[in-house]
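Reading through the structure tokens given below for one structure.
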Amino acid sequence: MFEKLRQAFSGVASAVREKRLSPEELDKVASDFEISLIESDVAQTVAEKLTQTVQKSLEGTRVDRSADPSEVVGERLAVTLESAFDKAGTVDLLQNISEKKRSGEPYSILFLGINGTGKTTTVAKFASYLKKNRVSVVCAAGDTHRPGAIEQLTEHADRLAVKIVSQRYGADPAAVGRDGILYAKAHHVDCLLIDSAGRMQTNQNLMEEMAKIVRVVKPDFRIFVADALTGNDAVSQAELFNRHVGFDGVILTKADADVRGGAALSIVYSTGKPVLFLGVGQGYDDLAPFDTKKFLDSLLK
Ligand code: GDP
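In terms of the numbering used here, the sequence shown opens at residue 24 and continues consecutively.
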């Protein structure tokens, strides 16, 4: 995973090792760096900002030739990236759920994202993760638009022996979410997972529908699901949802096939929201907690 992005970082380190850092040279290194980032699927705007920050922090820096320059540059990069990931913070959903349970209320999580990113599969994986951690769970089939969406979630829920709340196609998804809350309260279920639609005639329709679910259901947490393989698209979708609906954390799917790692970096950098899990396959167990340290180490080493 993330091989290309790691190469982008080590490329900068070796370029610096060979040269003294005059402003012109730094410009050249920075521009090569920016291109490598873009080739690694880091969104253009993020690549530009990141490059500027690293370049600024290196301006006027004298690198002792006896020191290992790759370490000096590596440290600068690490500091810049670590501070972006630190600012985004981390979230312990199991702890949040257990705190809410103490107040006698179910914890509700709304899953947002465009069709095809792996949202429904991720809801199922997350239900399985919760069950394994002895958290009781119910799912609400909030995508009442896409043909087959309700059956798809029902099939997952049946396989996982998880209860599902659903209505007919065309029903108001906010009402489905509300039914889910009522069910969870009445049956003392710890956590409600709400699936949602990912495509409508216009983005505006979709954003309005999502905003309505949020208003009506008032979910405790909103997870944006993004496909790591879609690079720049994933970032513009994240920015759109973040602006119009808002979300609290991200799950990046298909990281098993992502050799570049650009989407994780770009989404955290551009939205300031943490990546919580990576989808690493199609099975229910293929959900890996995102390890920031491991991710940054794999980029920077
Ligand atoms: P939705 O339209 O967003 O609900 O997407 P689906 O949940 O139907 O998933 C679309 C496709 O992506 C399915 O074939 C899933 O099996 C696949 N998928 C979902 N998550 C992952 C993942 O983490 N890795 C891989 N390789 N495939 C995934």
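We put the CB at the ideal spot given by N, CA and C, even for glycine.
With DSSP as the reference, label residue i as helix, strand or coil.
{"i": "alanine 34", "result": "The amino acid at residue 34 is misidentified as alanine; the sequence shows glycine. Looking at glycine 34 - three-state DSSP - the assignment turns out to be helix."}
{"i": "valine 102", "result": "helix"}
{"i": "phenylalanine 300", "result": "strand"}
{"i": "valine 160", "result": "strand"}
Using only CA atoms, which one of the options lies nearest to residue i?
{"i": "alanine 280", "options": "Tyr192, Phe264, Leu301", "result": "Leu301"}
{"i": "arginine 29", "options": "Asp64, Arg222, Leu263", "result": "Asp64"}
{"i": "threonine 315", "options": "Gly83, Leu153, Lys296", "result": "Lys296"}
{"i": "lysine 317", "options": "His179, Leu104, Glu47, Ala31", "result": "Leu104"}
{"i": "alanine 164", "options": "Lys155, Ile204, Lys154, Gly127", "result": "Ile204"}
{"i": "alanine 101", "options": "Val273, Val158, Ser33, Ala147", "result": "Ser33"}
{"i": "glycine 136", "options": "Glu82, Ala251, Asp195", "result": "Ala251"}
{"i": "alanine 257", "options": "Lys277, Leu81, Ala147", "result": "Lys277"}
{"i": "glutamine 190", "options": "Ala147, Ala286, Asp218", "result": "Asp218"}
{"i": "valine 146", "options": "Arg157, Glu71, Lys155, Ile132", "result": "Ile132"}
{"i": "lysine 154", "options": "Val282, Gly284, Met233, Cys214", "result": "Cys214"}
{"i": "aspartate 195", "options": "Ala150, Ala220, His179, Gln175", "result": "Ala220"}
{"i": "glycine 171", "options": "Val188, Leu60, Lys186, Tyr192", "result": "Tyr192"}
{"i": "leucine 60", "options": "Gly285, Tyr292, Asp308", "result": "Gly285"}
{"i": "proline 312", "options": "Thr143, Gln75, Thr140, Leu116", "result": "Leu116"}
{"i": "tyrosine 130", "options": "Gly200, Gln175, Arg169", "result": "Gly200"}
{"i": "arginine 245", "options": "His267, Val69, Thr74", "result": "His267"}
{"i": "lysine 51", "options": "Val69, Lys27, Glu82, Ala66", "result": "Glu82"}
{"i": "lysine 183", "options": "Val212, Lys208, Val282, Ala150", "result": "A small correction: the amino acid at residue 183 is leucine; lysine does not occupy that position in the sequence shown. The candidate whose alpha carbon is nearest that of leucine 183 is Ala150."}
{"i": "valine 158", "options": "Ile120, Glu128, Leu176, Pro242", "result": "Ile120"}
{"i": "glycine 139", "options": "Asp166, Lys72, Gln118", "result": "Asp166"}
{"i": "histidine 210", "options": "Glu231, Leu229, Ala197, Lys186", "result": "Lys186"}
{"i": "threonine 144", "options": "Gln78, Ile274, Ser289, Leu299", "result": "Ile274"}
{"i": "threonine 253", "options": "Ser106, Gln118, Cys162, Ile290", "result": "Ile290"}
{"i": "glutamate 262", "options": "Tyr152, Val69, Asn156", "result": "Val69"}
{"i": "valine 282", "options": "Ser321, Tyr307, Gly306", "result": "Ser321"}
For the alpha helix (DSSP H) containing residue i, name the first residue and the last one.
{"i": "valine 77", "result": "67-81"}
{"i": "alanine 164", "result": "Taken as a continuous stretch (DSSP letters only), alanine 164 belongs to no alpha helix (DSSP H), as it is neither H nor E."}
{"i": "glycine 285", "result": "285-294"}
{"i": "threonine 145", "result": "142-155"}
{"i": "serine 259", "result": "255-267"}
What are the boundary residues of the beta strand (DSSP E) that includes residue i?
{"i": "lysine 186", "result": "186-188"}
{"i": "glycine 272", "result": "272-276"}
{"i": "arginine 245", "result": "244-250"}
{"i": "tyrosine 130", "result": "130-135"}
{"i": "alanine 280", "result": "Unbroken run through alanine 280: none, as it is neither H nor E."}
{"i": "valine 114", "result": "Where valine 114 is concerned, there is no enclosing beta strand (DSSP E), given that its DSSP letter is neither H nor E."}
{"i": "proline 170", "result": "Proline 170 -> no beta strand (DSSP E), and no H or E assigned at all."}
Any heavy atom of the ligand FMN closer than 8 Å to the beta-carbon of residue i?
{"i": "valine 199", "result": "This structure does not include the ligand FMN; its bound ligands are the ligand GDP."}
Step through the CB atoms of chain C and report whether any lies within less than 9 Å of the CB of residue i.
{"i": "aspartate 281", "result": "Considering every chain present, this structure includes no chain C. It has just one protein chain."}
Which runs of the beta strand (DSSP E) at least 3 residues long sit entirely within the stretch 192-227? Give them in chain order. 214-217
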